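Colleague: Mapping of the sequence shown onto our numbering: residues 1 to 477, in sequence order.
Beta carbons: idealized from backbone N, C-alpha and C, even for Gly.
The structure displayed is predicted, hence computed values, not measured ones.
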Amino acid sequence: MTTELPRLTPHVSDWMTSLTDQPQVLDGLLETYGSPVNIHHTGPFQANYAKYQAVFEAHGLDHLVCFARKANKCSGFVAKARDMGIGVDTASYHELEECLSMGLNPEKLVLTAAIKNRKLIHLAVKAGVLIILDNEDECALTQQVAEELHVTARIGLRICGFEYEGEKLYSRFGFVVSRVADFLKEHFGSSGIYNKLEYSGLHFHLNGYSTSQRGTALQQSLQLAEHLTGLGFRTSFIDIGGGFLMNYLQHKTEWEHFLKHLKKAVKGEADPITFQNNGLGYEIVDGKLHGKLNTYPYFNEQSQDVFLEEILSYESGGESNAQYARRLNIQMRMEPGRSLLDQTGMTVAKVAFRKKDMEGHWLVGLEMNMTQIYSSSADFLLDPFYLPLNTSSEAQPTEVYFTGAYCLERDVLLKRKIALPQLPEIGDIVIFVNTAGYMMHFFETEAHMFRLATNLFYHKGDQAAELSDFAEDTTES
Ligand SMILES: *Cc1c(COP(=O)(O)O)cnc(C)c1O
């Protein structure tokens, strides 16, 4: 070993630190519920919301924050959203039905599902839940259902195709922004074929993490809203979707060092730091480094409230988006998923075996599989916590890869090689922090007939914990 492995030290909240200091309690949970187990805490959820709220209030903007339900399966966060009086963005029949049965205010719910069948539309229209429509077939279906129920359906239009730096941003979702005015004029209003649809606002949700893209998308939405007012269509809200950046890592220097080392390794100028020298998006073509890091930007300086602030204060022509929205008396809405779940969850697993592979690398098998910490990007780039149950006096620092329970060669839980103070013992504990947003649930499957991991909620702060302080989430599966 010539160089030290780069570290990526995650941000952790007090409740996580408190539990990582109590390995016996975590061991008890693994004994009781099996491995892995997901532990959640709703304290940071509220704190994350408060940051967004403060930004809207500072701009004097009417606002509604809707938690994007799909980012985590636990009902506990829906209950928390209800108790806090915020909204929920629902993306399927069961998500919407659960919110209604849990007593959320239908006025604070929004349905944005990418596929909406008749049963789902019926549920939403009947309950008076705002439906964000994506295409004309959905308009026709919603019109039919509203006619059957003898009501009007409150709808918003998802829009896309914003101009940015001379090009139109592509999205497979929504109506092209430049055609919305004609579409409404032609088909909405009392004499139109969609006369049971009550237009009430605009919605977009963009990929990527550029605040100037979001800023200009909001500005173009506001311009459209102003134009629509002149045609007799009042826009009461604009929903700027989700995808608000969050920052997982503590140190910019570590992040930069990691990227530098990764590129060197891929070029063969340094020891590999990933499984089989996986480039995480980088590759060598004709002897040259190509590509770019294909992971979430785990370190960034523009997260959450800062990100929102930049979108709202984006301006051209001397008026910021916030001022524009106030002038038009439009409520601002957003649908954060991942960023509201920052610091709310962690995944705890047990060591099953240690072995040296045929190339001499240590593989540490954990009782969990790759779908239980699965990033839609190339890797989850946070150092895990390793908790030995017994400290060994002659501990030798060891570099390992963590592997999972699926029969696939690629079930390597983290692509990164991880430096540990010692080789883990069987039964020791490994913790992946900050996994509540997407990582633990979004891609979780039951292949091999493995049962889904148990989801627990912990309510204490930083005191000593007992098994009775953890309650199973009540989500029906
Ligand atoms: C997924 C999604 C969200 C939430 O995105 P995050 O990245 O979790 O904030 C919000 N709105 C829509 C329409 C989505 O598809």
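If you count every other CB in all the chains shown that lies within 10 Å of the CB of Gln463, and 16 or more means buried, which is it?
Modeller: exposed
Colleague: Can you look up Phe45 in the DSSP assignment and give me helix, strand or coil?
Modeller: helix
Colleague: State buried or exposed for Cys66, treating a residue as buried only when at least 16 other CB atoms are found within 10 Å of its CB.
Modeller: buried
Colleague: Taking only the alpha-carbon atoms, compute the straight-line gap between Ser13 and Tyr194 and give it to the nearest angstrom.
Modeller: 50 Å
Colleague: At a cut of 8 Å, does the stretch 374-394 reach the stretch 354-361 through at least three beta carbon pairs?
Modeller: no
Colleague: With DSSP as the reference, label Asn38 as helix, strand or coil.
Modeller: Correct three-state label for Asn38: strand.
Colleague: What is the DSSP secondary structure of Arg327, reduced to helix, strand or coil?
Modeller: helix
Colleague: Thinking just about the alpha-carbon of each residue, which of Pro6, Met16, Glu4 is nearest to the one in Gly484?
Modeller: This structure does not reach residue 484, given that the chain is present from 1 up to 477, and the question cannot be answered.
Colleague: Buried or exposed for Gly365, going by 16 or more other Cβ atoms inside 10 Å?
Modeller: Burial call: buried.
Colleague: Going by C-alpha distance, which of Leu96, Glu256, Leu184, Gln46 is nearest Asp83?
Modeller: Nearest Cα to Asp83 within the set Leu96, Glu256, Leu184, Gln46: Gln46.
Colleague: Got a list of residues with beta-carbon closer than 5 Å to any non-hydrogen atom of ligand 1, in chain order?
Modeller: Ala68, Ala71, Thr112, His205, Gly241, Gly242, Gly243, Glu335, Pro336, Gly337, Arg338
Colleague: Looking at C-alpha atoms only, which residue of Ser75, Val433, Leu231 is the closest neighbour of Thr20?
Modeller: Val433
Colleague: So is Pro397 buried or exposed if we call it buried at 16+ other beta carbons inside 10 Å?
Modeller: exposed
Colleague: Please state whether DSSP places Phe162 in a helix, a strand or coil.
Modeller: coil
Colleague: Expressed to the nearest angstrom, what Euclidean distance is found between the alpha-carbon atoms of Tyr199 and Ala146?
Modeller: 13 Å
Colleague: Could you check what DSSP says for Met334 in three-state terms: helix, strand or coil?
Modeller: Here Met334 sits in strand by DSSP.
Colleague: Tell me whether the stretch 330-341 and the stretch 222-242 touch, counting them as touching only if at least three CB pairs, one residue from each stretch, are closer than 8 Å.
Modeller: yes
Colleague: I need the DSSP call for Ala352, collapsed to helix, strand or coil.
Modeller: strand
Colleague: Residues in the same chain with beta-carbon distance under 6 Å from Gly215, minus the five sequence neighbours each way, listed in chain order, please.
Modeller: Ile311, Tyr314
Colleague: Can you tell me which of the three DSSP states Gly279 falls into?
Modeller: coil
Colleague: With distances taken between CB atoms, is the gap from Val110 to Leu123 smaller than 8 Å?
Modeller: Taking 8 Å as the Cβ cut-off, Val110 and Leu123 do not qualify as a contacting pair.
Colleague: Taking the alpha-carbon of Thr152 as reference, which of Pro297, Gln223, Cys160, Leu141 has the nearest alpha-carbon?
Modeller: Leu141
Colleague: Is DSSP giving Ile311 helix, strand or coil here?
Modeller: helix
Colleague: Can you give the Cα-Cα distance for Tyr406 and Asn455, rounded to whole angstroms?
Modeller: 21 Å
Colleague: Whether or not the stretch 412-428 and the stretch 274-282 are in contact is what I'm after, with contact meaning three or more pairs of Cβ atoms, one per stretch, closer than 8 Å; do they touch?
Modeller: Verdict: yes, contact present.
Colleague: Along the chain, where does the beta strand (DSSP E) that runs through Ala419 open and close?
Modeller: 418-420
Colleague: How do the stretch 336-353 and the stretch 17-36 stand: do at least 3 beta-carbon pairs fall below 8 Å, yes or no?
Modeller: yes
Colleague: To the nearest angstrom, how far is it from the Cα of Ile39 to the Cα of Asp137?
Modeller: Their Cα atoms are separated by approximately 41 Å.
Colleague: What does the alpha-carbon distance come out to for the pair Gly268 and Gly241?
Modeller: 42 Å
Colleague: With respect to the alpha helix (DSSP H) encompassing Thr17, which residues constitute its N-terminal and C-terminal limits?
Modeller: For Thr17, the enclosing alpha helix (DSSP H) stretches over residues 14-20.
Colleague: Taking the alpha helix (DSSP H) that Asp83 belongs to, which residues open and close that run?
Modeller: 76-84
Colleague: Give the secondary structure of His227 by DSSP, where H, G and I count as helix, E and B as strand, and everything else as coil.
Modeller: In the three-state scheme derived from DSSP, where H, G and I count as helix and E and B as strand, His227 is classed as helix.
Colleague: My understanding is that Leu120 touches Leu96, with C-beta atoms under 8 Å, so please give their C-beta distance in whole angstroms.
Modeller: 7 Å
Colleague: Measuring alpha carbon to alpha carbon, tell me which residue in Gln213, Leu245, Ser191, Ser178 is nearest Ala225.
Modeller: Ser178
Colleague: Pull up the distance between the alpha-carbon of Thr295 and that of Leu280, whole angstroms please.
Modeller: 7 Å
Colleague: Count the C-beta pairs between the stretch 159-179 and the stretch 199-211 that are closer than 8 Å, then say yes if the count reaches three, no if not.
Modeller: yes
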